[in-house]
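Asker: Structure below; questions to follow.
Residue numbers (the numbering used here): 1045 to 1159.
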């Protein structure tokens, strides 16, 4: 499952307020709602009760919340493990080095002036 969708669901489920969750994630509310609808579509069941006056999780949403948190934790651990350790073999620069100028030799990159 996409970690971004899971992050949106967990934030909304913990806040139980879409606007506050969107502010926490620093994304627009419409993006948060679209992400949650996409997750609901992927799972094939509603996670939030759309008919309620306030934001309420359905039974399926309450069931899925611990699973989503564990999937997020696994994804974070995998991302942390995949980061390469600092250090390693030093490599020489392959750019144009500055060589000393030789008297009478044409300068690299300079065109000869025509008369």
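We put the beta carbon where it would ideally sit given N, CA and C, even for glycine.
Look at the alpha carbon of residue 1096 and the alpha carbon of residue 1117, and state the distance between them as a whole number of angstroms.
Answerer: Counted from its first residue, the chain shown places residue 1096 at position 52. Counted from its first residue, the chain shown places residue 1117 at position 73. Going by the C-alpha atoms only, they are around 30 Å apart.
Asker: Our contact map puts residue 1098 next to residue 1092 with C-beta atoms below 8 Å; I'd like the distance itself, whole angstroms only.
Answerer: Translated into positions along the chain shown, residue 1098 becomes position 54. Translated into positions along the chain shown, residue 1092 becomes position 48. Incorrect: roughly 10 Å between the Cβ atoms, too far for contact.
Asker: What residue range is occupied by the uninterrupted alpha helix (DSSP H) comprising residue 1146?
Answerer: Sequence index remark: in the chain shown, residue 1146 carries index 102 (1-based). No alpha helix (DSSP H) contains residue 1146, which DSSP labels as neither H nor E.
Asker: Please say whether residue 1109 and residue 1054 have beta carbons closer to each other than 8 Å?
Answerer: Counting from one through the chain shown, the residue named residue 1054 turns up at place 10. Counting from one through the chain shown, the residue named residue 1109 turns up at place 65. Taking 8 Å as the Cβ cut-off, residue 1054 and residue 1109 qualify as a contacting pair.
Asker: From residue 1161 to residue 1088, what does the alpha carbon distance come to, in whole angstroms?
Answerer: Nothing about residue 1161 can be reported from this structure: the residues present for the chain run from 1045 to 1159 only.
Asker: At the level of alpha carbons, what is the spacing between residue 1090 and residue 1084?
Answerer: As a working mapping, residue 1090 is identified with position 46 in the chain shown. As a working mapping, residue 1084 is identified with position 40 in the chain shown. Straight-line Cα distance between these residues: approximately 5 Å.
Asker: Would you identify the three-state DSSP class for residue 1101, choosing helix, strand or coil?
Answerer: Numbered from 1 along the chain shown, position 57 holds the residue referred to as residue 1101. It is a strand residue.
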